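Heads up, the final residue of the sequence shown is numbered 485 in this note's numbering, and it's a clean run with no missing numbers. Cβ coordinates follow ideal geometry from the N, Cα and C atoms, glycine included. None of these values were measured; they are calculated from a predicted model. Here is the structure we will look at, set down as structure tokens.
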Amino acid sequence: MAPPTNVHASNRALPSTTEKVLVDLRSRNEHTQKKAMVELRSAVEMESRQMSREEFSGFITELNKRIFDLVKSEEPCEKMGGINAMDSLIDFECEETSTLITRFANYLRLVLPCNDVGTMIMASKVLGHLAQSGGTLTADFVEFEMKRALEGLNTSKRSEHQKLASLLVCKELATNAPTLFFMHVPSYLKSIWVGIRDQKQIIREAAIESLRACLTIISERDFIVRKKWFTAVYEEAEKGFHSNSIEGVHGSLLVIGELLSLPNIAPDIPASATLSNMWETAMAYKDHRDALIRRTVISILPIIAKIDEEEFRAAYAEDCIKYLLFTLKKGYESSTAFVSLGAILKVGGAWVVESFVDDVMNLIQDGITPSPRKPFCFEAPQCLASLTVVDSNNAILQERMPELVEQMLAGSEGNLTPSLISSLLQIGKSMPLLLPEIQMKLLDSISFTLQRTPYQPSGTPNSRRIVPLR
Numbered sequence: 016m017a018p019p020t021n022v023h024a025s026n027r028a029l030p031s032t033t034e035k036v037l038v039d040l041r042s043r044n045e046h047t048q049k050k051a052m053v054e055l056r057s058a059v060e061m062e063s064r065q066m067s068r069e070e071f072s073g074f075i076t077e078l079n080k081r082i083f084d085l086v087k088s089e090e091p092c093e094k095m096g097g098i099n100a101m102d103s104l105i106d107f108e109c110e111e112t113s114t115l116i117t118r119f120a121n122y123l124r125l126v127l128p129c130n131d132v133g134t135m136i137m138a139s140k141v142l143g144h145l146a147q148s149g150g151t152l153t154a155d156f157v158e159f160e161m162k163r164a165l166e167g168l169n170t171s172k173r174s175e176h177q178k179l180a181s182l183l184v185c186k187e188l189a190t191n192a193p194t195l196f197f198m199h200v201p202s203y204l205k206s207i208w209v210g211i212r213d214q215k216q217i218i219r220e221a222a223i224e225s226l227r228a229c230l231t232i233i234s235e236r237d238f239i240v241r242k243k244w245f246t247a248v249y250e251e252a253e254k255g256f257h258s259n260s261i262e263g264v265h266g267s268l269l270v271i272g273e274l275l276s277l278p279n280i281a282p283d284i285p286a287s288a289t290l291s292n293m294w295e296t297a298m299a300y301k302d303h304r305d306a307l308i309r310r311t312v313i314s315i316l317p318i319i320a321k322i323d324e325e326e327f328r329a330a331y332a333e334d335c336i337k338y339l340l341f342t343l344k345k346g347y348e349s350s351t352a353f354v355s356l357g358a359i360l361k362v363g364g365a366w367v368v369e370s371f372v373d374d375v376m377n378l379i380q381d382g383i384t385p386s387p388r389k390p391f392c393f394e395a396p397q398c399l400a401s402l403t404v405v406d407s408n409n410a411i412l413q414e415r416m417p418e419l420v421e422q423m424l425a426g427s428e429g430n431l432t433p434s435l436i437s438s439l440l441q442i443g444k445s446m447p448l449l450l451p452e453i454q455m456k457l458l459d460s461i462s463f464t465l466q467r468t469p470y471q472p473s474g475t476p477n478s479r480r481i482v483p484l485r
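The following block contains the structure:
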């Protein structure tokens, strides 16, 4: 086995427990690294109790060198190990805490940016953890990092990785130091559109996540502040709809979705942001040549419906469901369409279910029946669960539900994802008479996965017959 990289001969030996943990932090196995994080914290706490003040100071100095070696390694797994090591020690209190925080901030700047997205995401989270940890250095630290991030967005020679790093840092600082971040809202909202309208989808989506954190901060301020900044964001988003670029339209759709997702947003945005205007804007792009824009339109329809549910139910629900059913029948964007269809059915209510229940259930049946060219759609059960919430007494729904639940478990082939379990739980709550059979079929599915035989309760004959879920 090759020796680990970046371990210099000049490094002093650390206690054997700590040396072992540092080896595990270089592992390519994520579980091993996470376990080493916990062990490193325990090892440092133990040494702080057992060593003299001078000895512990030397120990921390050497440990910092080792962490630095990991962070500047060319191996992504070793970089991640160094980042995880810092994360585990940020909240550790000792006389060297201020030195640790300063050094860790400098180390993190080595990987923000870098050419590995996963490393940058984790490094930005640890940077946020540093900002959250408080202390006398926090205000200066956040000020420096915000200026650095905004410069990364505004400079004319910015690279893709630099823009992404800047957006990740802004998101984490907004999340973990909202009061300090708020001081930078004006300059941030001028700069963020660089990311929102970037040609790269990953940059646009990172910008939206960052904007979401900023909008949350603004939403907690008084009406005048909310009105000022939400109006500015809305008006800037509208400009993107007048562009001919895919990135401009996509970015604006995402921004509108974020704004309208905020609670009680109506008084804080321009009067022109009515349900009818938002519906027309979305429908203008439903047949766009770009699949990403079509998918985004589908995803924001439930958000638009929330502007005025009563008006939507009366004026737009039927057309919206017909559009989503058409999309599903064509096999387009099934995952997104099933999620949106379920949400729209909840807004539409029982009369909508009554009108479309056969079509919806046929499409769900198709979605949970995999074929060589079409995998099992895990969002279809979510839509089915939404149907039961809206109208569990529907006769057609009650008649077909046992068959659909059985197909759901058969089609998933033992892949009991959290979303599938959540859907089954909701169905069981809405239709309690089905719950015992759902539970038995779940046990069968688990048993088949583990030992290729149906579940057999203790004391039952070996020939327990599998009764169809009827």
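Checklist line | Cβ shell of Glu-34 (< 8 angstroms), same chain only, five flanking positions each side left out | finding: Taking the first residue of the sequence shown as 1, we reach residue 34 at position 19. Correct list, in chain order: Ala-28.
Notebook entry, point to check: To which residues does DSSP link Lys-389 through a beta bridge?
Noted result: Along the sequence shown, one-based indexing puts residue 389 at 374. Looking at the DSSP assignment, Lys-389 forms a beta bridge with Ser-386.
Notebook entry, point to check: Can you name, in chain order, every residue of its own chain whose Cβ lies under 6 angstroms from the Cβ of Arg-309, other than the five neighbours on each side?
Noted result: The count along the sequence shown starts at 1 and reaches residue 309 at position 294. Answer for Arg-309: His-303, listed in chain order.
Checklist line | Asn-21 in three-state terms, based on DSSP | finding: Start at 1 with the first residue of the sequence shown, and residue 21 comes out as number 6. Confidence is the limiting factor: at Asn-21 the pLDDT is only 44, short of 50, which leaves the residue's position unreliable and the question unanswerable from this model.
Check: What number of angstroms, rounded off, separates the C-alpha of Ile-82 from the C-alpha of Ala-189?
Finding: One-based indexing of the sequence shown puts residue 82 at position 67. One-based indexing of the sequence shown puts residue 189 at position 174. Each residue's Cα considered, the two are about 27 angstroms apart.
Next item on the list: Tell me where the alpha helix (DSSP H) around Leu-183 begins and ends.
Entry: On the sequence shown, position 168 is the one that residue 183 refers to. Looking at the DSSP string, the run of the alpha helix (DSSP H) that includes Leu-183 is 175 to 191.
Check: Leu-230: which of Leu-204, Lys-337, Val-362, Glu-108 sits nearest, CA to CA?
Finding: Along the sequence shown, one-based indexing puts residue 230 at 215. Of Leu-204, Lys-337, Val-362, Glu-108, the residue nearest in Cα terms is Leu-204.
Next item on the list: Grab the span of the alpha helix (DSSP H) containing Val-126 for me, first residue to last.
Entry: Sequence index remark: in the sequence shown, residue 126 carries index 111 (1-based). Run containing Val-126: none; DSSP gives neither H nor E here.
Item checked: C-alpha gap between Pro-278 and Asn-430, whole angstroms -> Translated into the one-based positions of the sequence shown, residue 278 becomes position 263. Translated into the one-based positions of the sequence shown, residue 430 becomes position 415. Their backbone Cα atoms lie some 35 angstroms apart in a straight line.
Note to self: Tell me the DSSP secondary structure of Tyr-122 in three-state form.
What the structure shows: Taking the sequence shown and counting its residues from 1, one reaches residue 122 at position 107. Helix at Tyr-122.
Margin query: If contacts are defined as beta-carbon pairs under 8 angstroms, then Arg-212 and Leu-269 qualify, I think. What distance do you get, rounded to the angstrom?
Written below: Indexing the sequence shown from 1 puts residue 212 at position 197. Indexing the sequence shown from 1 puts residue 269 at position 254. About 10 angstroms separates the two Cβ atoms, so there is no contact after all.
Next item on the list: Over the uninterrupted alpha helix (DSSP H) stretch that includes Lys-94, give me the two end residues.
Entry: Here the question's residue 94 lines up with position 79 in the sequence shown. It spans 91 to 104 - the alpha helix (DSSP H) in which Lys-94 sits, taken as one unbroken run.
Next item on the list: Check Thr-151 in the structure and name its three-state DSSP category.
Entry: Counting from one through the sequence shown, the residue named residue 151 turns up at place 136. Coil at Thr-151, not helix or strand.
Margin query: Between Glu-224, Ala-222, Pro-451, Val-157, which has its C-alpha nearest Leu-195's C-alpha?
Written below: Within the sequence shown, the letter at position 180 stands for residue 195. Among Glu-224, Ala-222, Pro-451, Val-157, the Cα nearest to that of Leu-195 belongs to Val-157.
Margin query: Could you check whether Pro-193 and Asp-6 sit closer than 7 angstroms to each other, using their CB atoms as the reference points?
Written below: Since the first residue shown for the chain is 16 and the last is 485, residue 6 is missing from the structure and cannot be characterised.
Note to self: Contact criterion: CB-CB distance below 7 angstroms. Does Ser-174 meet it with respect to chain D?
What the structure shows: Among the protein chains of the structure shown there is no chain D, as only one such chain exists.
Next item on the list: Taking 8 angstroms as the threshold, find out whether the segment 272 to 286 comes into contact with the segment 324 to 333 through three or more Cβ pairs.
Entry: no
Checklist line | Boundaries of the alpha helix (DSSP H) in which Arg-56 is found, first to last residue | finding: As a working note, residue 56 is residue 41 in the sequence shown. 45 to 65 is the span of the alpha helix (DSSP H), which, as asked, contains Arg-56.
Next item on the list: Kindly indicate which three-state DSSP category Ile-136 falls into: helix, strand or coil?
Entry: Along the sequence shown, read from residue 1 onward, the residue named residue 136 stands at position 121. Note: Ile-136 maps to helix in three-state DSSP.
Next item on the list: Grab me the residues of Val-126's own chain with a C-beta within less than 8 angstroms of its C-beta, minus the 5 sequence neighbours each way, in chain order.
Entry: As a first step, residue 126 is located in the sequence shown; it is residue number 111 there, counting from the start. Here the set comprises Val-86, Lys-94, Ile-98, Thr-134, Met-135, Ala-138.
Check: Arg-467: buried (16+ other C-beta within 10 angstroms of its C-beta) or exposed?
Finding: Walking along the sequence shown from the start, residue 467 turns up at place 452. Exposed, because fewer than 16 other Cβ atoms sit within 10 Å of the Cβ of Arg-467.
Next item on the list: Report buried or exposed for Asp-155, applying the criterion of at least 16 other Cβ atoms within 10 angstroms of its Cβ.
Entry: The residue given as residue 155 occupies position 140 in the sequence shown. Asp-155 is exposed by the Cβ-count criterion.
Next item on the list: Indicate whether the contact test is met: 3 or more Cβ pairs, each with one atom in the segment 167 to 184 and one in the segment 236 to 253, closer than 8 angstroms.
Entry: no
Check: What's the gap between the Cα of Glu-250 and the Cα of Phe-74?
Finding: To locate residue 250, count along the sequence shown from 1; it is residue 235. To locate residue 74, count along the sequence shown from 1; it is residue 59. Each residue's Cα considered, the two are about 56 angstroms apart.
Next item on the list: Taking Cys-398 as the reference, give the member of Lys-389, Gln-380, His-176, Lys-254 with the closest Cα.
Entry: Locating residue 398 in the sequence shown gives position 383, counting from the first residue. Comparing Cα positions, the closest option is Gln-380.
Item checked: Endpoints, the alpha helix (DSSP H) within which Ser-488 is located -> Nothing about residue 488 can be reported from this structure: the residues present for the chain run from 16 to 485 only.
Checklist line | Extent of the continuous alpha helix (DSSP H) run through Gly-363 | finding: What you label residue 363 is simply residue 348 of the sequence shown in a count that begins at 1. First-last of the alpha helix (DSSP H) with Gly-363: 349 to 363.
Note to self: Spatial neighbours of Ser-460 within its chain, please: C-beta separation below 7 angstroms, excluding the five flanking residues on both sides.
What the structure shows: Walking along the sequence shown from the start, residue 460 turns up at place 445. The answer, listed in chain order, is Leu-424, Gly-429, Leu-431.
Margin query: Using a Cβ-Cβ cutoff of less than 7 angstroms, which residues in the same chain neighbour Leu-435 once the five nearest sequence positions on both sides are dropped?
Written below: Taking the first residue of the sequence shown as position 1, residue 435 is located at position 420. Taken in chain order, the residues that qualify are Phe-393, Pro-396, Ser-427.
Check: Do Gly-272 and Ile-318 have their C-beta atoms within less than 7 angstroms of each other?
Finding: To locate residue 272, count along the sequence shown from 1; it is residue 257. To locate residue 318, count along the sequence shown from 1; it is residue 303. For Gly-272 and Ile-318, yes; Cβs fall inside 7 angstroms.
Checklist line | Sequence-distant residues of the same chain with beta carbon closer than 7 angstroms to Thr-32, five excluded per side | finding: Within the sequence shown, the letter at position 17 stands for residue 32. Cβ neighbours of Thr-32 beyond the five flanking positions: Ala-58.
Note to self: Since Leu-179 and Val-209 should fall inside the 8 angstroms C-beta cutoff, what is the C-beta to C-beta distance between them, to a whole number of angstroms?
What the structure shows: Taking the sequence shown and counting its residues from 1, one reaches residue 179 at position 164. Taking the sequence shown and counting its residues from 1, one reaches residue 209 at position 194. Rounded, the Cβ-Cβ distance is 12 angstroms, inconsistent with contact.
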